[in-house]
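Numbering (the numbering used here), first residue to last: 722 to 1283.
Cβ atoms here follow ideal geometry from the backbone N, Cα and C, with glycine treated the same way.
These numbers were taken from a predicted model, which means no experiment stands behind them.
Only one structure is covered here, and it is reproduced in the block below.
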Ligand code: 5GP
Ligand code: MN
């Protein structure tokens, strides 16, 4: 009998299945599943199997499967169990629906008797709600059948999504793209163009389609369109793809990409574009002040701008420590070496590989190679675990810094993208502070998941340990200022323009930290006072009823004395 062999992996384990060429469909995928794949996957009767081809596309498990080789294995996955979640959860020893029902009944009863939900019931409800939310939002627990995948139905799932990621929906993308294209032909006023070059720029006032137009303005105003023959429809397609591949997560989203780019750009303003003297007082962008445009090639600027645009592409909201500890596919793929940054960069070149979104497509090969090398260097430099390494390198070349030396320029470019990446605190407080809220939201989400999964909790992300000011004072003192000050050694004028606002932010958060500390102490004092009062009352009544007996050693009396 003629047979065919299908090679595939299950949980990274190589497997192979052999079956006759005229195998009936029922034997491979049928309601009674005496099938090979199901047993290879050790899947239960209600589980759903998904088979991916090497390109990552889902393919049908049928007798018509293309035979393959061990080098081009399919990948088999068991996904969310197609079962009654209540049944499964019940089998595991808890039943969320019945817990909620019992809680509701209890609340109803109490409401009838007491007329108000007591705090303890309210607290229980909150806990059950947050438990449900966790079960519904953690893809890892999808086998419980409660996971709600909010990602776009038709979008090809990236094999890297370990967690639910708020990927943009197709409708959202289409809507924004339409708006962007409508607006992209409109002339952006000179006033806005100038404002865009200042670090005062308030990103919160602009919606995503407008931000795409502003990015287009940056490429235009830096003369990249003419110098590197970038067609406008290609640039628009590139910007749209970039927008599409930033996820809807609190911090590492499209607006963050814009801010980092804008900070890079405000450093790139040529003196020629400063038409009004009054801007001289307002603008304090890095490279405008340092006049870097005269010191570096256009191609270096193009590398920096494009690196900034792409530097956090497809961030899922969980940092490298998480990726490594949770052994995500990203960490496995990149052997724990800057998994995120490698991924951001790979996604950037995925976009640039497509002719219709390759803004470098008209460049000669040697220039493309130089740009690719530069972008890879810049994006990989944003891994904060390399912070000291890069900063020390910069410090070592500073005394004899030479703009004609390629190695020196490379390090400077890495420093500049790093500065832009963490430059929120150099912006006006009303722009910077909401960014901190977003960052902490993303941090806390990660540490919650770490706790839920029993992974090491990243201390600076732990909601039980971190406050807004404590997060900022440490970061500004030990990371921001030392970095910014080294750059100011090369460009002394930066002292006033980006270091001063950061120092102000440090004062602001130091004050906030002190105020929180005072508040905490006051609260502790009043709690102690209340406790003492209770104890005093307790002692009094105890003394009343046992007037002859002294207090036992472990009675509240001791606490009172303490
Ligand atoms: P990114 O992840 O954006 O590429 O790299 C920057 C990292 O630096 C962030 O993930 C975050 O950990 C840290 N960071 C950036 N800005 C701030 C800030 O204002 N405060 C604190 N505490 N950390 C920041
Ligand atoms: Mn970033």
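- With a contact defined as Cβ atoms closer than 8 Å, residue 951 and residue 1077 miss out at about 13 Å.
- The stretch 1033 to 1044 makes contact with the stretch 966 to 978; the number of CB pairs closer than 8 Å reaches 3 or more.
- Note that the C-beta distance between residue 1025 and residue 1138 is below 8 Å.
- Residue state for residue 970 is assigned as coil, using DSSP reduced to three classes.
- With at least 16 other beta carbons inside 10 angstroms of its own, residue 1095 counts as buried.
- Distance between residue 1051 and residue 1186, taken at the CA atoms: about 28 Å.
- Distance between residue 1054 and residue 1097, taken at the CA atoms: about 17 Å.
- In this chain, the alpha helix (DSSP H) harbouring residue 1150 covers 1150 to 1174.
- Straight-line spacing of the CA atoms in residue 1031 and residue 1064 works out to 11 Å.
- Taking 8 Å as the cut-off, the beta carbon of residue 1196 is found no closer than this to the beta carbon of residue 1223.
- Per DSSP, reduced to three states, the secondary structure at residue 1055 is coil, with no helix or strand assignment.
- Excluding sequence positions up to five before and after residue 1144, its CB lies within less than 6 Å of the CB of 984, all in the same chain and listed in chain order.
- Under the DSSP definition of a beta bridge, residue 897 lacks any partner.
- A direct Cα-to-Cα measurement between residue 1068 and residue 822 gives close to 46 Å.
- Those residues placing their Cβ nearer than 5 Å to any heavy atom of the ligand MN are, following chain order, 1033 and 1142.
- Under the three-state reduction of DSSP output, residue 1110 falls in the helix class.
- Following the DSSP letters along the chain, one finds residue 740 inside the beta strand (DSSP E) bounded by residues 734 to 741.
- If only complete runs of 4 or more residues are kept, the stretch 1194 to 1268 shows the alpha helix (DSSP H) at 1202 to 1211 and 1221 to 1266, in order along the chain.
- Residue state for residue 1146 is assigned as helix, using DSSP reduced to three classes.
- Contact annotation, residue 934 with residue 904: C-beta distance approximately 5 Å; criterion of less than 8 Å satisfied.
- In summary, residue 1227 is buried, with 16 or more beta-carbon neighbours lying within 10 Å of its beta-carbon over all protein chains present.
- Within the same chain, Cβ atoms closer than 8 Å to the Cβ of residue 1122 are found at 1129, 1133 and 1211, the five residues on either side in sequence being excluded.
- When secondary structure is reduced to three states using DSSP, residue 799 falls in the strand class.
- For residue 1081, no beta strand (DSSP E) segment is defined, and its DSSP state is neither H nor E.
- When distances are taken from the beta-carbon of residue 1160 to the heavy atoms of the ligand 5GP, the shortest one is below 7 Å.
- For residue 945, the enclosing alpha helix (DSSP H) starts and ends at 945 to 948.
- For residue 1046, the distance from the CB to the nearest heavy atom of the ligand 5GP is not below 7 Å.
- Taking all protein chains in view, the Cβ of residue 925 is surrounded by fewer than 16 other Cβ atoms within 10 Å, so the residue is classified as exposed.
- Judged by DSSP in its simplified three-state form, residue 1100 adopts helix.
- By the beta-carbon neighbour count (other beta carbons within 10 angstroms, threshold 16), residue 1086 is exposed.
- In this structure, the C-beta of residue 1157 approaches the ligand 5GP to less than 7 Å from one of its heavy atoms.
- Boundaries of the beta strand (DSSP E) around residue 728: 724 to 731.
- Counting along the chain, residue 954 sits inside the alpha helix (DSSP H) bounded by residues 953 to 965.
- Distance from the Cα of residue 957 is smallest, within the candidate group 1127, 900, 1253 and 1115, for 900.
- Following the DSSP letters along the chain, one finds residue 939 inside the alpha helix (DSSP H) bounded by residues 929 to 942.
- Nearest to residue 928 by C-alpha distance, out of 1238, 1248, 1059 and 893, is 893.
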